[in-house]
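Residue numbers (the working numbering), protein chains in the order written: chain A, 1 to 205; chain B, 1001 to 1659.
In what follows, a single structure is set out as structure tokens and then discussed.
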Amino acid sequence: MSTPAVSEPRQPIPVEFADEEESIKITGFWMFLVTDMIIFASLFAVYAVYRSRTALGPTPQQLFHLGPTVLETLLLLTSSFTIGIAVWAMRSNRPRLVLGWLIATMALGAGFVITEISDFVAYTSHGATWHVSGFLSGFYVLVGTHGAHVTFGIMWAITLLLQLRRRGLTPITRRKLFTFSLYWHFLDIVWIFIFTFVYLSGKIA
Amino acid sequence: MPAFLLYLVHTLFPPDTRQPTELGADFMILVTGIGIVFILTRYQKWRWLWREWLTTVDHKRIAIMYLIAAIAMLFRGGVDALMLRTNLALPNVRPIGALEYNEVFTTHGTIMIFFMAMPFIFALFNAVIPLQIGSRDVAFPRLNAMSYWLFAFGAILFNISFVIGGSPNAGWTGYPPLTEVAFNPGPGESYYFLSLLIAGIGTTITGINFLVTIIRMRAPGMTLMRMPMFVWSVLTTSALIIFAFPPLTVALALSLLDRTFGSSFFTLGHGGMPMMYVNLFWLFGHPEVYIVILPAFGIFSEVVPTFSKKRLFGYTTMVISLVSIMFLAYGTWVHHFFTMGAGPTVNAFFGLSTMLIAIPTGVKIFNWIFTMWGGRIRITVAMLYQMAFIPTFVVGGATGIMLSVVPADYQLHNSYWVVAHFHNVLIGGTVFGLLSGLYYWWPKMFGFILNERQGKVAFWLFVIGFWVTFLPQYLLGLEGMTRRMYTYPFGFGWHELNLISTLGAFIMGAGFLALVYNIVWSLRYGERDLTGDPWNGRTLEWSLPSPAPEYNFARIPVVHGVDEFWAMKESGDTLANHLRPQDVKTLELPKNTGMPFMLGLSFFVGGFGMTFLWWPIAIFGGLGVVACLLYAAFDYNDKKHLPADVIRHTERSWGRLQA
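See the structure below:
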């Protein structure tokens, strides 16, 4: 109830938090990210247990190609940068710039998904389907869940693009763009773990 | 008959669903369904049903819908329990066979946990939390409706398994390899996984919703340490939900992938490992038992001060114990399978962490007793359940501590001792708590008081029935009777105790009927609650009329301490004393929407298609989900205005507005 004194110096609030109701939605989105984080944590735990359970199928070392995964890493890390610029453009109120960087983010994300799919197709064409072993089941579901999240993110970005074009930067579209950027950064962080914990350590071990 | 129809009949109604019990259920469902349709059409209530209830986003109405679902599911789960107990009443006398017995105990457990206890606690969350924290609604009203419909359609999907296609039969825990398609073909287990996945999404959303509501939407002045204890319990419960449900989602989804798409997670060959499922399941399952008990603790912490006319003893220690139970809940899951053979170090750790839980729980028990100590106790039904809870829960807790002793657990594992223990805490804790809360907050939800005299009859039947049912089961466990057995021979010395236990179950059934009678009778003749404060309550929900208006508070109150409403009454004050016409502003409220209902329906259609592997139907349901999400994304018209004049008129009609 108390309003801060006028003279009191205050940190400027980022524009997406300025509207109370939209700011509550951002808190809610963080809580959603917690649940998603636990989903991935569970899948990582499953993978950690299963990665030596290769049955008659290939081991991680035999299966993985680092080339496509390095490309995927580059694409996704760059897209995390571009969505960061989009949020910066939103804060400096430049709607056309927001659209441009959002499209760049989507394109990079699409590149990631296509690379991942072609990588999976290559694995399965050598007979490494998830039926073969516990390791392959754990691998496809962990990495595939992440890929499905990125795909969903691209769809989400398309709906966001349409709303931004029609409505410009309003408290609601700002909040939606900001939560999308949180989601996108989150997927990037998960990917870093997948890249090191699944691919790199799989190749070394 | 064309081949297509024959296939349809054979798939939907395979021979094992054509038994007397199933056909009887089919008939009852048909009659009830036709009856409901007839009444709705006869009195032209379809539009009313859709406008006022199915599309509502008002937390108070969602609470009522949760409550109706919970009581219906309590009935279904209870009938299952009576079927189980009837089968065990006498040695070698078994009205239902082994296969059907498996289905019935699976259904009983799953329904009681997921479709009775969970909606019951959510009913009270929804009915009470926004009123107690002085807020107009939950943080996300539409998500709240989505939670409800996901739960409701998940429950429907689970319930139709009994008559269409066959029930799940691998226990409420659904352990592989028994759930793998090689050992368990048919739709039963797919029903189980899909319905729990759908309902689980709804529950996760509820957890997020109430956590954010409590963190962000409290009335000014209500600091964390001024929150009513029920709010604290919901805060910790929501945090538990957020961290516990994702592992369940993963466990269920992986099992479904094994069954439906041939992956190799929990298979016996191909490097699969069934124990991984058990770990993931209990990583959820142990926090889950605290998810259903902490709200009960919160309810008692409201009921005891009100009916002892005393402030809650040891507020701070109550908070600390709630939070420590919340953290400890994650460190005990292995005690459900000590016999897995993880080795003495692991088992010792989880045995000790389990014993640690007794400390904060004991603190709470003492605090409730000290709150009553020297208070002016009124013996109402709500208070009676609380007084029955304390000894019951102490026994249940003590037997749990005995189970946490690893060598003892090796003896008691999967025996009736375990059955008696968890019913002791789940009924003695959760159900007593929920019924206490039901009687306590019923006037606030519905505007009339449940008849106390009838309530006491139901209470005594229920509590006596409970002890008669479960005390013999401890002894049966010690005598070696294992859980989930569908019959037993003469000469084991089990028959007297089993007969007593079955007798007790029927006394509990009578208690349930008395409860329903109490509700129906009070609906017509019960005393109306005109003051909004029938119990001389202490927290903000009692400062409002019963039931509260759509907007809850005409003006958001300012809170100065714990038990704000009590302090107000002490100083001869009310909320209405300061409400002048110019204080009432036009409010923005969430608008009703059919989207949550359609989303739940789409999930149901998709889930049904996946259960029977009918892909066109599954894809159709999936497209429905996408359509609902797109609609929600582009729908900016989700608010309505409630003019200040309307609010002034409403408040004035209660005499709550200064001239």
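Glycine included, C-beta positions come from ideal geometry on N, C-alpha and C.
So, residue i versus residue j, is the Cβ gap smaller than 8 Å?
i         : j         : result
Arg1061/B : Ala1139/B : no
Ser79/A   : Leu108/A  : yes
Leu1589/B : Tyr1636/B : no
Thr1482/B : Asn1424/B : no
His1336/B : Trp1417/B : no
Trp1441/B : Val1057/B : no
Gly1207/B : Ser1233/B : no
Phe1512/B : Trp1149/B : no
Phe139/A  : Val190/A  : no
Ile1500/B : Val1468/B : yes
Pro1194/B : Gly1600/B : In the sequence as presented, Pro is not what sits at residue 1194/B; that position holds Leu. No. Outside cutoff.
Gly1134/B : Leu1540/B : yes
Thr1430/B : Ala1117/B : yes
Ser92/A   : Val1250/B : no
Pro1534/B : Ile1449/B : yes
Ala980/B  : Ala1025/B : Shown here, chain B extends from 1001 to 1659; a query on residue 980/B therefore has no answer.
Phe1284/B : Met1276/B : no
His149/A  : Leu187/A  : yes
Can you pull the chain B residues whose beta carbon is under 8 Å from the beta carbon of residue i, in chain order?
i        : result
His131/A : Gly1262, Ser1263, Ser1264, His1270
Tyr50/A  : Phe1265, Gly1271, Met1273, Met1276
Gly153/A : Chain B residues near Gly153/A: none, gap ~13 Å exceeds 8 Å.
Ile172/A : Tyr1636
Val46/A  : Val1250, Leu1254, Phe1265, Met1276, Leu1280
Using a Cβ cut-off of 7 Å, pull out every chain A residue sitting near residue i, in sequence order please.
i         : result
Ile1242/B : Met31, Val34, Thr35
Thr1249/B : Ile39
Pro1246/B : Thr35, Ile38, Ile39, Ser42
Arg967/B  : Since the first residue of chain B shown is 1001 and the last is 1659, residue 967/B is not available in this structure.
Ala1139/B : Ile24, Gly28
Ala1633/B : Thr159
Leu1211/B : Met31
For chain B, is any of its Cβ atoms less than 8 Å away from the one on residue i?
i        : result
Gly144/A : no
Thr59/A  : no
Thr27/A  : yes
Thr3/A   : For Thr3/A, the predicted structure reports a pLDDT of 47, less than 50, and the residue's modelled location is therefore unreliable. The matter cannot be settled from this model.
Val15/A  : no
Val98/A  : no
Val150/A : no
Val141/A : yes
Below 8 Å on C-beta distance, what does residue i contact in chain A?
i         : result
Thr1204/B : Thr35
Leu1194/B : The premise fails here: Leu1194/B is roughly 17 Å from chain A at the closest Cβ pair, so nothing lies under 8 Å.
Along the beta strand (DSSP E) that carries residue i, what are the first and last residues, could you check?
i         : result
Leu1642/B : 1639 to 1642
Pro1590/B : 1587 to 1590
Would you mind reading off the limits of the alpha helix (DSSP H) that contains residue i?
i         : result
Val1419/B : 1416 to 1425
Trp191/A  : 171 to 193
Lys1456/B : 1452 to 1478
Arg96/A   : 95 to 125
Gly153/A  : 134 to 167
Phe1125/B : 1118 to 1132
Asp1563/B : Here Asp1563/B belongs to no alpha helix (DSSP H), and DSSP marks it neither H nor E.
Beta-carbon of residue i versus every beta-carbon of chain A: anything under 8 Å?
i         : result
Tyr1636/B : yes
Ile1619/B : no
Leu1575/B : no
Ala1644/B : no
Ile1208/B : yes
Leu1257/B : yes
For residue i, which residues in chain B fall below 7 Å Cβ to Cβ?
i        : result
Phe135/A : Gly1271
Thr54/A  : Gly1271
List the residues of chain A that residue i touches, going by C-beta distances under 9 Å, in chain order.
i         : result
Leu1630/B : Thr159
(message) Using a Cβ-Cβ cutoff of 8 Å, what residues of the region 1501 to 1519 of chain B are near chain D? List them in chain order.
(response) Judged by its chain identifiers, the structure shown contains no chain D, and its protein chains are A and B.
(message) Pairs of beta-carbons, one from the region 1639 to 1652 of chain B and one from the region 1613 to 1627 of chain B, closer than 8 Å: are there three or more?
(response) no
(message) Does the contact criterion of 3 or more C-beta pairs under 8 Å hold for the region 127 to 136 of chain A versus the region 1265 to 1273 of chain B?
(response) yes
(request) Tell me, please, whether the region 1291 to 1306 of chain B touches the region 1247 to 1259 of chain B by the rule of three or more beta-carbon pairs shorter than 8 Å. (result) no
(request) Pair every Cβ in the region 1100 to 1110 of chain B with every Cβ in the region 1064 to 1072 of chain B, then say whether three or more of these pairs are closer than 8 Å. (result) no
(message) With three or more C-beta pairs closer than 8 Å as the rule, is the region 1462 to 1477 of chain B touching the region 1571 to 1586 of chain B?
(response) no
(message) Using a Cβ distance threshold of 8 Å, determine whether the region 1610 to 1620 of chain B contacts the region 1552 to 1564 of chain B, with at least three qualifying pairs required.
(response) no
(message) For the pair the region 1180 to 1195 of chain B and the region 1031 to 1040 of chain B, tell me if three or more CB-CB distances fall below 8 Å.
(response) no
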